[in-house]
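In the numbering used here, the protein residues as written are 61 to 897. By construction, the Cβ of each residue, glycine as well, lies at the ideal position given by its N, Cα and C atoms. Please read all numbers here as calculations on a predicted model, not as lab measurements.
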Amino acid sequence: MGNSHHWAARPIVPDNRRCDTAESATISCPTGRTSPTTREPARPSPLPRPLTPVFGRASELARIRSSIQSGTRLMTITGTAGVGKTRLAIAAGNDLGEHFAGAVGFVDLAAVPDSGLVVPTMAAALGLTIPVGADGALDAFLAMPHDRQRTLVVLDNFEHVVDAGSDLARVLSYCPWLQLLVTSRERLRLRGEQEIEVPPLPVPDPAMVSDTWTVRENPAIALFVHSTQAIVPGFDVEESNAQTLAELVRRLEGVPLAVELAAGHMSMLSAAQILDRLQQPLDVLSNGPRDLPERQRTLRSALDWSYHLLDEEERRVFRCLSVFRGGCDIASAAEIVGAPDSSAILPVIRSLMDKSLVIRVAGSATTPRLGMLEYIREYAAELLRHAGELDACRDAHATRFAALAADGGRALITRGGQGAWLDRLELDHDNLRAALEWTSAGPEPVRRLNALAMSTSLAEFWFIRGYFEEGARWLRVAVEGAGAAEPPLLAMALAASGRIAFGQGRYAEASSYYQEAIDRARQGDLHAELAAALTGMAEVHAYLGTYGSALELLRDSAAIHQTLGDAAGHARVTNSLGLVHLHQGRNQDALSLFQRGLVLFGELDDTWGMAWSLSNAADAERSLGQLDSAEQHYTQALETAGRIGLSAAMAASLEGLSAIDAARGHHVDAIRRYAAAREIRDSIGSSTSPDRHAVLERVVDQSRAILGLERFDAAWAEGRAASARHTFTTAFSRETNPDTHGSADPPIDAAGAVGGAGAVAISNREREVAALVARGMTNRRLARALGISENTVGRHLENIYRKLSIRSRTELAAWAFNGGLPELTSSGNERHADLSL
C-alpha cells in the first residue's frame with residue numbers, strides 16, 4: 061500500500077485500583093490521582109488484514125472510497141449483527157491506504173467500557189501527548205497542527221459507546237486532517253455524518269437455481285463455498301447440490317456470519333442435513349472460529365451483545381415484536397405492545413431500527429412496515445418465552461388479526477374495493493397464518509371458535525387467490541374443533557368448505573359440505589346462509605350434469621336473495637344460471653345471462669364477478685363460433701382478473717384462448733397457452749369440469765397429431781416455462797400462418813372454469829418495483845426512490861420472478877410493456893334487470 065502507515069490500538073481501559081500501568085498512563089485516574097503529563101507515542105501496529113476475502117460488497121466499497129476521498133469527515137457503517145461491518149471497514153481501510161499519507165488506523169472499541177474513554181483511546185492510539193486534566197485527551201487533539209497529514213481512523217464496534225458521539229464531533233472540529241470510518245449497529249446522529257447501511261448478501265434467484273454457474277457466482281454462495289473449502293477441500297457448487305445450497309443461504313437470509321457458521325458444520329454434515337436443522341437456527345449456528353471475538357462465535361452471542369445495550373422498554377418491545385410474521389405496520393405493533401397509540405411507540409421503534417434490530421420491510425405504498433430478519437425474530441421469540449410474555453402477546457396478536465380477517469371477509473363478500481382488500485390480506489397473510497396456528501392449537505373453546513371465525517372470514521380470500529389446499533386445511537381443522545359453535549357461523553364455515561372443495565374439483569366433497577350447510581341453515585332459519593349454500597350446491601350439480609336439480613336450487617336461492625335485497629347474491633345466481641345453460645348447450649341463453657351478470661357485477665364494482673362474467677361470456681361466444689368476440693373477452697378477462705390476482709379466471713381464459721388457437725389452426729400457440737394454464741392449475745392442485753377437460757383433451761390430441769411429438773413437447777415446455785408472464789398479452793408470439801401439417805380444427809363448444817395459482821398475484825409494492833425496473837432503474841436507484849434497502853428490492857424481484865415465472869429484468873420489462881401493468885377499468889352500460897328463472 062505504498063508508504064502509508066497502518067496501525068491499530070488496543071482499547072485503553074483504566075484499572076480502578078491502580079493508575080501506574082503503561083496502558084492507563086494517559087488517562088485521568090478514577091481514584092483521584094492524575095496521570096503523567098506526557099507519554100511516548102504508541103508503537104503502531106498494522107491495520108488488520110482479513111484472513112478471508114470480502115464477497116458481494118463491491119458497491120459498498122466503491123461508495124466508501126468515493127465518499128472518503130471526496131472529503132467526508134465521518135462515515136458510519138451500520139447494519140445488524142453478523143452482517144460484516146467490521147470486515148467491510150477493514151477492507152475499505154486497506155483499499156484507501158495510498159490515499160492517506162498520514163496513516164490509516166484501526167481502533168477496536170469492543171472492550172472499552174465507558175463512552176468517556178473513547179477519545180483517550182483514540183489519542184493513545186495516535187501517540188498523542190495528553191495533558192493533565194479532565195479534558196486532556198480533547199486538548200491533545202486541539203493542540204495538533206491543522207496541517208498535519210491526512211489520517212483515517214477506523215473505529216470499530218461503536219454501538220455501546222454511542223454517547224461519545226458528541227466528543228467525536230469536537231475532535232473532528234479540532235482536527236481538519238482527521239477522517240473517521242465508524243462501524244456501529246446504530247448511527248451516531250451527528251451533523252455531517254454519512255451512513256452506509258450494509259444489508260445481508262444477495263441470495264440466489266429461485267428462478268435461476270437450475271443454472272449452476274449463476275448459483276456459483278452469487279455472493280452468499282461464494283462465501284459459503286469458500287468457507288467450506290477450508291475444511292472440505294474441493295467442495296464446489298454442482299448440479300446435484302445447487303438447489304440445496306441456494307435454499308440454504310436463502311434460509312440464512314444472506315447474513316455472512318450465519319453463512320460462515322453454517323459452513324463450519326460441513327465437515328460432519330451435508331448441506332441438506334444443515335438445511336433440515338435450521339428449524340432452530342440459533343442452536344445450529346454456533347462454534348465459530350476461536351480467533352473471532354466471543355460475541356461473534358455464535359449468532360446468539362452476537363445478538364446478546366445488541367440486546368444488552370437496550371433499555372428495559374426497548375427490550376420489552378423487541379420481545380413483543382417477535383410474534384409478527386412477515387412484518388407489521390406501526391398501528392399493529394402499538395396494539396400488541398400495549399401502547400395507547402402509534403405515536404407513543406415511535407421513539408422505541410426508531411431506536412430499535414437505529415440499532416439494526418428492526419428493519420423496514422416491503423409494504424404498501426402509503427403505509428411503512430416493520431420487520432425482523434428471521435434469526436433475530438427467533439432470538440426475540442426465545443426471550444419472549446423466557447420472560448413469560450408469550451401467551452399475552454400471542455393472544456393480542458390473534459385478536460388483532462382476527463379483526464382484520466373479519467373486516468376483509470365482509471368486504472370481499474359485499475364486493476367493491478376487492479383489489480385493495482386482497483392486497484391487504486396478502487400482505488399480512490403470514491400474520492393471519494400465525495393467528496390461526498395459535499387459535500387452532502389452543503385448549504380453550506373460545507380460541508377454537510376464533511379459529512373457526514377467522515377461517516370462515518378468510519375463505520373468500522383463499523378462494524380468489526387460489527390458496528385452495530391451505531384454505532381447505534384450516535377450515536377442516538376449525539370445523540372439527542368447533543364444538544358448540546353458533547349455527548350461523550358453522551353454516552357459513554361449512555358452505556365455505558364446500559366452495560373451496562369445488563374450486564379443487566372435489567365435487568362429491570363439495571356436495572357433502574354444502575348439504576350439511578343447507579340442513580343447518582334450514583334448521584336455524586338462516587336465510588342468507590341458506591341462499592349462499594344453495595347457489596354453491598347448484599354449481600356442483602351443473603358441473604356434474606344434473607341440470608334439473610341445479611335449476612331448482614337456483615330458483616330457491618334467487619327467491620331468498622330477492623327477499624333480502626341482496627344484489628351481490630342476485631348477481632352470482634345470474635352467473636350460475638348462465639353456467640347451467642352453457643353446460644346444457646343453450647349457448648345464446650347463457651351468453652345473455654353472462655352479459656346481464658357483467659352489468660350487475662359492474663354496478664357492484666365486483667372485479668371477481670366481472671372477470672368471471674367476461675370469461676364465461678367468451679366461452680358461450682366460442683361455442684357459438686364467434687371467435688373474434690370470444691378472443692376479445694378472454695383477453696379482457698385476463699386483464700381484469702390480473703388486477704386482483706384471480707388466477708382461476710386467468711387459467712380458464714387461457715384454456716379458452718387455447719381452444720380458439722386450435723380452431724384457427726395455430727396449434728403451437730394452442731399448446732403454449734394450454735400448458736401455461738396447466739402450470740397455473742398444477743401450482744394449486746385444481747382441476748376443471750369434466751366437459752371442459754374433454755374439450756382440452758381434444759385440443760391436445762389434435763395438436764400432437766399435427767405437430768408431431770418433438771414440436772408438441774417444445775411448445776408445451778415453452779408454455780409451462782412462460783406461464784404467467786404471457787397471461788396478460790393478447791397472444792403468445794403469433795404464428796404468421798396456421799400450421800401447414802393439417803387443417804384448422806372446428807370450433808370447440810364447451811365451457812368451464814377452475815381456480816388457478818397466485819402466480820401473477822403481485823402486490824402493489826411489487827408492481828411499483830416492476831414498473832421502475834421496466835424503466836431501467838438499477839436496484840440501488842430503485843431502493844433510494846422507494847425508501848427501502850437494496851436487499852429488500854432484491855427480495856421483491858425474487859417474488860416477482862417466481863410469480864411471473866421469468867428469469868431476467870429484460871423479461872420483466874417485456875411483460876410490463878406488453879400489458880402486464882395495465883390501468884384498466886371495466887364497466888357495463890346495461891342497467892339492472894330482474895332475474896326470472
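Cβ shell of residue i (< 6 Å), same chain only, five flanking positions each side left out
| i | result |
| --- | --- |
| residue 684 | 647 |
| residue 117 | 148 |
| residue 586 | 548, 551 |
| residue 440 | 378, 379, 382 |
| residue 616 | 594 |
| residue 602 | 610, 639, 640, 643 |
| residue 264 | 275, 278, 306 |
| residue 442 | none |
| residue 490 | 385, 386 |
DSSP bridge partner residues for residue i (one or two, in chain order)
| i | result |
| --- | --- |
| residue 899 | This structure gives no information on residue 899, because the portion of the chain shown stretches from 61 to 897. |
| residue 239 | 212 |
| residue 134 | 240, 253 |
| residue 419 | 431 |
Alpha carbon of residue i to alpha carbon of residue j, nearest angstrom
| i | j | result |
| --- | --- | --- |
| residue 414 | residue 113 | 28 Å |
| residue 733 | residue 487 | 30 Å |
| residue 516 | residue 119 | 49 Å |
| residue 652 | residue 634 | 10 Å |
| residue 250 | residue 134 | 9 Å |
| residue 697 | residue 619 | 29 Å |
| residue 170 | residue 528 | 52 Å |
| residue 597 | residue 445 | 47 Å |
| residue 101 | residue 182 | Caution is warranted here: a pLDDT of 36 is assigned to residue 101, below 50, making its placement in the model unreliable, and the coordinate value is therefore given only provisionally. If I take the Cα positions, the gap works out to 12 Å. |
| residue 645 | residue 762 | 23 Å |
| residue 708 | residue 524 | 7 Å |
| residue 293 | residue 412 | 41 Å |
| residue 323 | residue 862 | 27 Å |
| residue 390 | residue 402 | 6 Å |
| residue 581 | residue 756 | 38 Å |
| residue 736 | residue 682 | 20 Å |
| residue 111 | residue 320 | 13 Å |
| residue 505 | residue 388 | 28 Å |
| residue 875 | residue 859 | 15 Å |
| residue 237 | residue 206 | 7 Å |
| residue 325 | residue 563 | 45 Å |
| residue 466 | residue 142 | 40 Å |
| residue 130 | residue 252 | 13 Å |
| residue 724 | residue 484 | 42 Å |
Cutoff 7 Å; reference residue i; Cβ partners in own chain excluding five residues on either side
| i | result |
| --- | --- |
| residue 569 | 561 |
| residue 869 | 833 |
| residue 127 | 135, 254 |
| residue 903 | Outside the displayed range of the chain (61 to 897) lies residue 903, so it cannot be described from this structure. |
| residue 649 | 641 |
| residue 567 | 600, 603, 604 |
| residue 304 | 331, 332, 335 |
| residue 416 | 138, 139, 140, 245, 246 |
Cβ shell of residue i (< 8 Å), same chain only, five flanking positions each side left out
| i | result |
| --- | --- |
| residue 499 | 458, 462, 507, 508, 510, 511, 514 |
| residue 9 | Given that the chain is displayed from residue 61 to residue 897, the structure contains no residue 9 and the question cannot be resolved. |
| residue 175 | 221, 222, 223, 224, 227 |
| residue 760 | 731, 734 |
Cβ distance (whole Å) where residue i is taken to contact residue j below 8 Å
| i | j | result |
| --- | --- | --- |
| residue 695 | residue 670 | 14 Å between Cβ atoms; not a contact. |
| residue 315 | residue 281 | That belief does not hold up - the Cβ atoms of residue 315 and residue 281 are roughly 14 Å apart, past 8 Å. |
| residue 520 | residue 469 | 6 Å |
| residue 430 | residue 437 | That belief does not hold up - the Cβ atoms of residue 430 and residue 437 are roughly 11 Å apart, past 8 Å. |
| residue 272 | residue 229 | The pair is not a contact, with the Cβ atoms about 51 Å apart (cut-off 8 Å). |
| residue 426 | residue 565 | With 8 Å as the limit, residue 426 and residue 565 do not qualify as a contact, their Cβ atoms being about 39 Å apart. |
| residue 571 | residue 532 | 15 Å between Cβ atoms; not a contact. |
heavy atom of the ligand FAD below 8 Å from residue i C-beta
| i | result |
| --- | --- |
| residue 294 | Annotation note on the ligand FAD: not contained in the displayed structure, which lists no ligands. |
Just to confirm the assignment: which complete alpha helix (DSSP H) runs, minimum length 4, are found wholly within the stretch 430 to 507?
434 to 446, 450 to 474, 478 to 487, 489 to 501
4-residue-minimum alpha helix (DSSP H) runs that sit fully inside the stretch 603 to 644, ordered along the chain
607 to 624, 627 to 644
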